[in-house]
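Enquirer: What the sequence shown shows, in full-length UniProt numbering, is residues 1 to 95, in sequence order. Ideal Cβ placement from N, Cα and C applies to all residues, glycine included.
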Amino acid sequence: MSDDESEDAEEPAVELGDGPDVAGAPLARVSARLTWGIEHSTIVDREGDTTIRTPDGPQELATVLEDVDVPYFADRQEFENAVRDVIGTGPIPTE
Numbered sequence: 001m002s003d004d005e006s007e008d009a010e011e012p013a014v015e016l017g018d019g020p021d022v023a024g025a026p027l028a029r030v031s032a033r034l035t036w037g038i039e040h041s042t043i044v045d046r047e048g049d050t051t052i053r054t055p056d057g058p059q060e061l062a063t064v065l066e067d068v069d070v071p072y073f074a075d076r077q078e079f080e081n082a083v084r085d086v087i088g089t090g091p092i093p094t095e
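(1) Among the residues of its own chain, which have a CB less than 7 Å from the CB of VAL86, if the five just before and after it don't count?
(2) Near TRP36, what residues of its chain come up, given a Cβ to Cβ distance below 6 Å and the 5 sequence neighbours on each side ignored?
(3) In three-state DSSP terms, what is THR51?
(4) Alpha carbon to alpha carbon, how far is GLY19 from LEU27? Give it in angstroms, no decimals.
(5) Report the residue from ARG33, SER41, GLY90 whose alpha carbon sits nearest the alpha carbon of ASP56.
(6) Suppose contacts are defined by Cβ-Cβ distances below 8 Å. Is ALA23 in contact with THR42 by that definition?
(7) Could you give the distance in angstroms between the alpha-carbon of GLU15 and the alpha-carbon of ASP21?
Okay, structure coming up:
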């Protein structure tokens with residue numbers, strides 16, 4: 001491996017901005033940590049205390065899931081759609 005190749009490997013693939021932080025975790029990151037199909041109660045037990053990003057600011061996942069009436073999620077898409085039905089979509093506020 002040449003010196004040029006090793007230097008490229010050490011640089012990040014994407015430049016990170018210097019803007020304000022965004023509170024909470026992206027919903028996709030939380031759903032990626034789970035195995036599908038999964039029960040509503042199991043998600044609350046495992047990830048309920050996780051703060052997610054929403055258009056209205058950060059919220060605990062357990063609080064959001066209180067408004068979701070689905071007892072079992074067959075796949076990740078079904079879960080994310082149900083959560084987005086509660087939190088909505090739109091820009092996420094920064095700190």
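Expert: On the basis of the supplied data:
(1) For the purposes of this step, residue 86 is taken as residue 86 along the sequence shown, with counting starting at 1. Answer for VAL86: VAL64, ASP67, VAL68, listed in chain order.
(2) For the purposes of this step, residue 36 is taken as the residue at position 36 of the sequence shown. Closer than 6 Å at the Cβ level, and outside the excluded window around TRP36, lie ASP75, ARG76.
(3) Here residue 51 refers to the residue found at position 51 of the sequence shown. Of the three classes helix, strand and coil, the one that applies to THR51 here is strand, per DSSP.
(4) Against the sequence shown, residue 27 aligns to sequence position 27. Against the sequence shown, residue 19 aligns to sequence position 19. Each residue's alpha carbon lies about 21 Å from the other.
(5) Numbered from 1 along the sequence shown, position 56 holds the residue referred to as residue 56. Considering only alpha carbons, the answer is GLY90.
(6) By one-based count along the sequence shown, residue 23 stands at place 23. By one-based count along the sequence shown, residue 42 stands at place 42. No, the Cβ-Cβ distance between ALA23 and THR42 is not below 8 Å.
(7) As a first step, residue 15 must be located in the sequence shown, where it is residue number 15. As a first step, residue 21 must be located in the sequence shown, where it is residue number 21. Straight-line Cα distance between these residues: approximately 15 Å.
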